[in-house]
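Undergrad:
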Amino acid sequence: MSPPTKKLMKLTLGERIAHGGHKVLRWMMDNVYVRQDPAGNIKMDKEKSTEKIDAAVATVMALDRVIRNQGSEGSVYDGRGILVF
């Protein structure tokens, strides 16, 4: 999860994140402790973080999906919709 975490840090420091002043997300982001390994990879550390960071982790996971799907044709759901059984 290092690339999306680094991307989130870059976007945050560049003031390019619009979260509408969401108080819970801001609180969880303030709680994040980031750990770096010897290879330079970084990740959020839930054990060392001061409080809950679930929304911050979810943001990194969503950003990872965006990065992985750049340039794709879109989603299968764009054409057929959601199937309900």
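Note that the sequence shown covers residues -1 to 83 in our numbering.
We put the CB at the ideal spot given by N, CA and C, even for glycine.
1) Which same chain residues, not among the five before or five after residue 30, have their C-beta less than 6 Å away from its C-beta?
2) Which runs of the alpha helix (DSSP H) at least 4 residues long sit entirely within the region 5 to 73? Give them in chain order.
3) Go ahead and label residue 26 buried or exposed: buried means 16 or more other beta carbons lie within 10 angstroms of its beta carbon, across all protein chains shown.
4) Assuming residue 40 and residue 0 form a contact by the criterion Cβ under 8 Å, report the distance between their Cβ atoms to the nearest whole angstrom.
5) Roughly how many whole angstroms lie between the Cα atoms of residue 83 and residue 75?
TA: If we stick to the structure as given:
1) Once the five neighbours on either side are set aside, the close Cβ partners of residue 30 are 42, 47, 51, 54.
2) Taken in chain order, the complete alpha helix (DSSP H) segments of 4 residues or longer contained in the region 5 to 73 are 21 to 28, 52 to 66.
3) Its Cβ being crowded by 16 or more others within 10 Å, residue 26 is buried.
4) The pair is a contact, with the Cβ atoms about 5 Å apart (cut-off 8 Å).
5) One C-alpha to the other measures close to 15 Å.
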